[in-house]
Amino acid sequence: MVGKNLEHLKIPLTHIQSATHDFSNEYRISYFSNGNAFYRAELEHYDKENPSSKRHNTVLIKRYPSGNKLYGEKEFLTEIEILSGGVKHPNIVNLLGFCLEDSEMILIIEDFSNGFLDNYLGNLKDKHVLTWENRLKICIGVAHALRYIHNEMEGQKMIINRDICSYNIGLDEKWGAKIINFSWSVFLSPDQEIKDHNLIGVGKRSYRDPEYEKTNKLKNESDVYGFGVVLFEILCGRLAHDPIYLKESERGLAPVARRSFSTRTLEELIDPIIKEEVGENKFVLNRGPNKDSLHTFITIAHECVAETQDQRPTMKDVVKELEKALFFQYNNKDNPKLSLEDIKRVTQNFHDDNFIGGGGFGKVYKGNLQDGEGIKTIVAKRLDTRFGQGEQQFFSELQILLDYKHENVIGLVGYCDENDEKVLIYEYLSKGSLDRYLNDTSLTWVKRLNICIDVARALDFLHGGVGKQAKVIHRDIKTENILLNNDWKAKLADFGLSLICSINQETDYIIDHACGTKGYVDPLYRQSGFLTIESDIYSFGVVLFEILCGRSTFEIQKHEGHYLPDFIEKSFKEGKHGEVVFKQMREEIMPKSLITFQEIAYKCLHLDREKRPTTKKVLMQLKKALVFQNMASTMNQFAHLQIPLEDVAKATNNFHHDNIIELGGVGIAYTGRLLWSGRLMEITARRFDCKHGEGDLKFLTEISVLSDLKHKNLVSIIGFCDEIDEKIIVTMYEANGSLGQYLNSPNLTWKQRLRICVGVARALSYLHYDKGHDYAILHCNINSNTILLDDNWETKLSGFEFSIKHQVCLCEHTGTLGCGDPTIEKTGGVTHKSDIYSFGVVLFEILCERKALIHNEVDRSLAQMAKHHYEKGTLHDIIHPHLLNQILSPQSLLIYSKVAYSCLNDDPAHRPGMHHIVAKLEKALELQLHHENIVRPFFYFIIYFFGIHYFWMVIFLLF
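Residue numbers (my numbering): 46 to 1004.
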């Protein structure tokens, strides 16, 4: 029987009968030969995301047959045990509830809006929607689920499904595949096999493992066989028991596919729909399979349906091959495979005159390639597969360069895999590798810092797995693998030794033997073979000191007898921190910049991995070192704005607590009266928290931004103070404080709210696009607390401590919780569209009179709530009635809400620009003012005599 711990999942039979009109055929979507029936209906059920409440939505209702001696209660309870237990995977169905009353046995599972896979096999009408890419993704999803239940469950458990077939694969609204049936499943411990297990009634024979049938020996390879049949079904577009196959074999498709494979006639079985995806003129209609993708898929499918269990691959191998097939398919789209003939022509048949370098992996050649944009210079790396990189390393580097694109990672142009030749084609960087410039006096300290920052950004991107399910460990960080373009911009290259591992992997990545370059390799990795991202940090630490010393680790080993890490350790213990610096560069380095750089580089070389910094921390400290280096020139540039500390202290009553007006994340803001330039002014003095140097970068950023920009909707800087470890920015005092104080105030009218929005929009438009400056300012901290209001309720945008003077910048996530653009976390990219997302959140804060994060509702995001209500057409439900009473123009609200919603688009490319937003908000304000001036008496008359509900009915009829 079902345990008491599952009481929360029980759903009364009467509820199910009511939802399905007593199991009416109108609600039934499928019926199986074993008596199972599926119904689709609206039903209230347990909500695991919010256990204190119920959720009401569309579900699938799986009704077991009653009175069936071969199939019934045991299978029902097995399925509940598995789906309610520890089996949690994105490609396995979610159990929402169950019913066990009288003779009824019912499971409630999530809905699959695109039905089941079998619906699309043999159905000419529906097959067209399954492109080759769709088919591959479905297969990969199911393969991941099988790998999970076979090898990756907690507690060394293993489940054999025993009924893998296209009928038991559901497809959600995004065509994601999930295994939906576990009624025949059994638990096993690893390496255990079950003999004499009852096979009667288990699945259709066309999917059943022939060895299991003969011997009753059950292993996970039986699932592999069933999955292999599904693979061939997807390839051929027909069910395994289609009469066309049963004519040739009583076991259906699998024996027919094996025979066709061996006689090389399998192409005759392939679904013609796939072949038709490419038209006669090779115009891609629906992206059919390329040759490599198809070959990889067919090969692994054939191995899965081998007659004996010991000949079949593991699901781990199956996943790998299917992902390779998808990789080939994607590659077909974005990076054309170049012919060997083309590459020979480009490199003059790999002529010695084109040779520019080499190593254990092979040789590198330079060439000129003709493409759609003209002739471009490229680099061709020709792998020597005898000694260096083999097939696995070749495809690993190829996958990384195709999937992990970043401005500081070398760009891939194409590749060749032909006649045992494996060649990778990269973009050409004119200055070559960094190791050639270590002792170059023209490479200034500022240039060196920028190179370090570029490499740190690349590593932060790779280690963070931004937007991916996996992270990349480079394994060979060294100056030879850091390439430079003509502007000294650095790009990380050579991913031949790199490894891709799960972003959620908690344990160290273990490999057989350590790889990398002596003098750079993490000693713990070299000794133990345990590899983590911290091994890259160690190698990067070596590079940082090479850049500082102006000498390579090999040169130091040659003259000092040991590699750079030991040399640095010895020098630092002897207190010779300054002596390790490149002699010709010592005078130009600012002391604070040097200290910051040396501290973070030294931490990178720590023998205890846990004490090494993350790439985010390294990146932040390197940026700080650059700020300290530039600080002297920056302070001289803004010398006219400097205010003595004595004057600021006097103005704020010596920073008295009565003068505090804000406790912010970057420091404390005080109000006061300052006599400056002969005028007595009301001021705000923000005192930055500079413990450990954390506030220095923000302090300088805000000064440089505010001193350069002048706009009526930006806060005005008066000056700053930089004395005795005090860093203070003085701005004009804005009498009405921040917008955040008034969000739920009934005194802030709709007209005022619209004017505030227009003011912020104009300020952002100026920051993003104004022709008066030749750069874009990205604010990166738009929220209701950085929007200030003067005594006339005019908007003044503040909070520029996170701002960036770039068109696009890859950096750490900044901003305020609840207002930040979620795509920053997924892609690592902050653009002007990130500001627009944050502004969209503010627009809904203003409309809904509530903060971005609603803490009393399980930290529910206002952005998500507002989008949900907008899409359902119920936005009025989250607008306060007193504000609705003031919105006299429905068209004004329509324009406002539409632009706010569009700002929150998940795809930054589809968010509007600030010029468009300004125009729309100005129109919304214009309509509101027009109605207030023209028709207010009429509407007030209706509201006074008939009430607000009658008012909205009149509005509906009018518009």
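We put the CB at the ideal spot given by N, CA and C, even for glycine.
DSSP has residue i in a bridge; who is on the other side?
i	result
Y91	K99
Q687	F765
L152	K107 and F143
G459	I470
A1006	Limits of the chain in this structure are 46 at one end and 1004 at the other, which puts residue 1006 out of reach.
E707	A714
A535	L529
Could you check the C-alpha separation between residue i and residue j for me, to the nearest Å?
i	j	result
K536	E452	7 Å
A730	L589	38 Å
E120	R207	12 Å
T562	D880	43 Å
H134	Y820	46 Å
I137	I185	13 Å
V750	H824	10 Å
I420	V391	11 Å
R571	L842	53 Å
L5	M630	Only positions 46 to 1004 of the chain appear in this structure, which leaves residue 5 out of reach.
N758	G712	23 Å
G844	R895	21 Å
S293	A86	Reading off the sequence, residue 293 comes out as Glu, not Ser. Going from the Cα of E293 to the Cα of A86 covers about 41 Å.
A370	I106	35 Å
G282	E126	34 Å
S752	D815	16 Å
S37	H347	Outside the displayed range of the chain (46 to 1004) lies residue 37, so it cannot be described from this structure.
G723	I688	13 Å
Q931	H955	31 Å
F328	L181	Because F328 carries a pLDDT of 26, less than 50, the predicted location of this residue cannot be relied on, and the following value inherits that uncertainty. Roughly 21 Å separates the two Cα atoms.
N213	Y290	21 Å
V275	L162	9 Å
I728	N789	27 Å
Apart from the five residues just before and just after residue i, which ones in its own chain have a Cβ nearer than 6 Å to its Cβ?
i	result
E149	L58
V944	I962 and K965
S616	V625
K426	V409 and L469
N484	G595
Y473	T422, I423 and V424
F277	L298, A302 and A346
In this structure, how does DSSP classify residue i when only helix, strand and coil are distinguished?
i	result
V853	With a pLDDT of only 36 at V853, under the threshold of 50, the placement of this residue in the model should not be trusted; the figure read from the coordinates follows. V853 falls in the strand class under three-state DSSP.
W721	strand
T486	coil
L949	coil
P57	coil
I752	Strictly speaking, residue 752 in this sequence is Ser, with Ile absent from that position. Correct three-state label for S752: helix.
I214	strand
R296	coil
R85	strand
S906	strand
A285	coil
Y915	helix
M198	coil
T341	helix
V275	helix
K421	strand
S783	strand
S63	helix
A897	coil
I869	For I869, the pLDDT reaches just 43, beneath the cut-off of 50, and the residue's location in the model is therefore unreliable, although a value from the coordinates is still provided. I869 falls in the helix class under three-state DSSP.
Please work out which residues of its chain come closer than 7 Å, Cβ to Cβ, to residue i, disregarding the five sequence neighbours upstream and downstream, and give them in chain order.
i	result
K912	Y946 and L949
M910	I923
F400	K408 and Y410
Between residue i and the rest of its own chain, which residues show a CB-CB distance below 8 Å, the 5 nearest in sequence each way excluded?
i	result
Q444	F372 and I545
A501	F585, T660, V663, L664 and L667
If you scan the region 383-418 from start to end, which runs of the beta strand (DSSP E) of 3 or more residues do you find wholly inside it?
400-404 and 407-416
Beta strand (DSSP E) segments (min. 3 residues) lying fully within the region 795-822:
none
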